[in-house]
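Student: Numbering (this note's numbering), first residue to last: 233 to 508.
#1: Mind checking who residue 356 pairs with in its DSSP beta bridge?
#2: Quick one: Cα of residue 323 to Cα of residue 508, how far?
#3: With C-beta atoms as the reference, is residue 311 less than 8 Å away from residue 332?
#4: Determine the DSSP secondary structure at residue 310, reduced to helix, strand or coil.
#5: Which residues bound the alpha helix (DSSP H) around residue 330?
#6: Give a yes or no on whether the C-beta atoms belonging to residue 380 and residue 390 are separated by under 8 Å.
#7: Can you check which of these residues, 376, 334, 290, 264, is closest to residue 280 by C-alpha distance?
#8: At which residues does the beta strand (DSSP E) containing residue 261 begin and terminate?
#9: Return the CA-CA distance between residue 251 and residue 478, expressed in angstroms with no decimal places.
#10: Quick one: is residue 411 buried, meaning 16 or more other Cβ sit within 10 Å of its Cβ, or exposed?
#11: Return helix, strand or coil for residue 238, following the three-state DSSP convention.
#12: When you measure from the CB of residue 350 to every non-hydrogen atom of the ligand HEM, does any distance come out below 7 Å?
#13: Which value, in whole angstroms, describes the spacing of the CA atoms of residue 460 and residue 428?
#14: Taking Cβ positions, are residue 378 and residue 399 nearer each other than 8 Å?
#15: Excluding five sequence neighbours on each side, which residues of the same chain lie with their C-beta closer than 8 Å to the C-beta of residue 496?
#16: What does DSSP give as the partner residue(s) for residue 398 in the beta ladder?
#17: Please determine if the region 348 to 366 and the region 281 to 297 are in contact, where contact requires at least 3 C-beta pairs separated by less than 8 Å.
#18: Alpha carbon to alpha carbon, what distance is there between residue 483 and residue 413?
#19: Tell me the DSSP bridge mates of residue 190?
#20: Could you name the residues of the same chain whose beta carbon sits closer than 7 Å to that of residue 262, not counting the 5 residues immediately before and after it, in chain order?
#21: Which same chain residues, not among the five before or five after residue 509, have their C-beta less than 7 Å away from its C-beta?
#22: Give me whichever residues DSSP pairs with residue 403 in a beta bridge.
#23: Can you list, in chain order, the residues of its chain whose CB lies under 7 Å from that of residue 503, leaving out five sequence neighbours each side?
#24: Cutting at 7 Å between CB atoms, please list the residues of its own chain near residue 382, excluding the five before and the five after it.
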């Protein structure tokens, strides 16, 4: 069996990657399959994920880390997309990496298992180089080979003991800063300039910089995310941004296969698929 494990920060990242894999790499969503319909070792992996989750130590909203799952039909590769959280959740990323390293060494594997891993994070204000350095520092204890990557290169693919390929990719704008929305919003605006311009105008006209006043939420306003949220309501009322990215036709197959930033990322993803 061949597995491509992609770990990202949030549901928005998973939604965008989902579209890239669907439209740019021709993969099929198989998340809705019953657990016992997955081949080994995925079936046992998912069962143990539920069995071993400490529900009694979780709050009512807690749940195991369950991926969105796609399958590349031609190559029979299963693609698992995880939303593991941001900087404060690095321990979850490490747990996931360790889980698949342990799976690689499992003595009970019915077939030969090949795994590739991709770690995808926003550059944010750190910038591309410092974010890559941050990721290397956080994960090199688990994957020592990461110390050999070029931190100024946004398409690092190396090999490690457990992973046939290991990739670090940072979501950023052309200047090397920002986040996923700096890629997604221009893509959505294309052919929809007036609509998205009106959404931005509404937000700028009505934003009250004095609110929210609670310290906990002072940094929660993000103009790009809010623009996406408003425009998305015109197609699907009441849905969250991750579902807007996933379901709305502002990002379609033609755009994905002709946009420079999408092509940059697709080149990396295709290498991971083709060489697995």
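For each residue, glycine too, the CB sits at the ideal point set by N, CA and C.
Tutor: This is what the structure gives:
#1: 410
#2: 27 Å
#3: no
#4: strand
#5: 322 to 336
#6: yes
#7: 334
#8: 259 to 261
#9: 7 Å
#10: buried
#11: strand
#12: Looking for the ligand HEM in the displayed structure turns up nothing, as the structure carries no ligands at all.
#13: 8 Å
#14: no
#15: 386, 387
#16: 349, 390
#17: no
#18: 13 Å
#19: A query on residue 190 cannot be resolved here, the shown segment of the chain reaching from 233 to 508 and no further.
#20: 301, 302, 303
#21: Summary: the structure shown does not reach residue 509, with the chain confined to residues 233 through 508, and so no result is reported for it.
#22: 354
#23: 389
#24: 388
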